[in-house]
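First up is the structure itself, then whatever we jot down about it.
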């Protein structure tokens with residue numbers, strides 16, 4: 001995935017903090033930077049002094065720099081007129097064209113400046129806009145889209161609105177990005193985070209990012225001024241085109257743990273009560289291993305089960321439980337999806353890939369599941 005950070009020269013961070021943030025992001029494998037050059041609260045003099053060193057550092061790390069542009073941007077950068085080639089020479093490689101450009105002008109830009117990328121506002125996109133761009137002959141290979149972020153509480157997008165826009169853009173082959181808020185230094189003046197989705201405003205950046213991927217976003221940006229090291233690492237390691245779930249081991253069996261480390265595909269013949277992994281039984285056969293009965297307790301929502309050797313040819317069948325089921329001596333509860341992440345199960349649709357990230361809280365979760373089992377019995 002092409003994920004990113006945001007830099008706001010002349011606003012909250014010192015020049016050294018912004019440079020250090022860019023360096024940390026580059027070391028984490030992040031290759032995109034979003035910057036806005038016309039925020040009203042920006043210290044313009046400080047911005048002018050700082051922007052050059054930031055752009056040079058980004059170029060040194062081969063990072064894509066995205067900037068929204070307006071007539072004020074040209075004046076700020078001492079450019080006599082709007083010319084994408086001039087922005088490119090400064091180190092700005094992608095221009096976010098929000099307002100004031102017709103479909104014909106956009107189409108011409110994609111052909112005249114093939115070395116540049118141009119970005120649409122994904123949050124305000126319509127089918128009419130995209131159809132006009134197509135009819136004007138726009139080269140969509142030079143186009144992507146990025147959603148807005150929303151500083152004021154209560155103004156972020158709803159999930160259905162984001163999904164609708166993503167589907168529309170993907171129909172035209174356009175990749176889409178969105179923003180998550182940070183729990184680090186939040187951008188002034190409001191300091192309430194800069195998410196695309198309102199429901200992410202006080203959520204962790206890591207979970208918000210995985211949710212955006214599940215909703216079809218192709219890239220995720222940390223939007224606030226100074227994210228934490230943990231957030232930068234999480235965004236740098238974010239995997240696209242699959243739903244990733246945090247889970248706890250419920251088994252110490254190395255065979256089951258090895259099986260759980262794979263990426264799976266949800267079967268096309270969707271079951272009512274569980275998400276079934278397409279590859280798990282063939283993978284177990286390749287491992288030339290068997291699975292003995294182990295932790296054959298009840299199956300609450302979010303349980304990750306693996307059928308054991310007493311289930312015959314179903315041995316190795318891996319499922320994520322969507323509807324509570326009773327205990328079965330033929331089926332092991334090998335792991336549990338974190339309770340806070342069970343809402344992500346709805347995005348594992350037929351044919352969608354999914355994987356697990358495990359932590360070390362096995363014993364606590366085992367105790368919790370045992371408590372559930374005792375209560376139900």
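Numbering (the UniProt record's numbering), first residue to last: 1 to 377. Virtual Cβ for every residue (Gly too), placed ideally from N, Cα, C.
- When DSSP states are grouped into helix, strand and coil, residue 129 belongs to the helix group.
- Judged by DSSP in its simplified three-state form, residue 140 adopts helix.
- Across the structure, residue 303 and residue 331 are spaced so that their CA atoms are roughly 11 Å apart.
- In the DSSP secondary-structure assignment, residue 72 is not bridged to any residue.
- In this structure the segment 267 to 283 lies against the segment 310 to 330, because at least three pairs of beta carbons, one per stretch, are closer than 8 Å.
- Burial check for residue 349: the Cβ neighbour count within 10 Å stays below 16, so the residue is exposed.
- Boundaries of the beta strand (DSSP E) harbouring residue 117: 117 to 121, taken from the DSSP string.
- The residue among 336, 259, 281 with its C-alpha nearest the C-alpha of residue 295 is 336.
- Annotation for residue 353: the continuous beta strand (DSSP E) segment containing it runs 353 to 359.
- For residue 10, no beta strand (DSSP E) segment is defined, and its DSSP state is neither H nor E.
- Straight-line spacing of the CA atoms in residue 75 and residue 222 works out to 27 Å.
- The three-state secondary structure of residue 96, taken from DSSP, is strand.
- Here residue 87 carries a helix assignment [DSSP, helix/strand/coil].
- For residue 49, the enclosing alpha helix (DSSP H) has its first and last residue at 44 to 60.
- The shortest C-alpha to C-alpha distance from residue 139 to any of 52, 34, 112, 147 is the one to 112.
- When only Cα atoms are considered, residue 57 and residue 47 end up about 15 Å apart.
- For residue 18, DSSP records no beta bridge to any residue.
- Put simply, of 264, 301, 12 the residue whose alpha carbon is nearest the alpha carbon of residue 284 is 264.
- Less than 8 Å divides the Cβ of residue 347 from the Cβ of residue 215.
- Looking at the DSSP output, residue 325 shares a beta bridge with 299.
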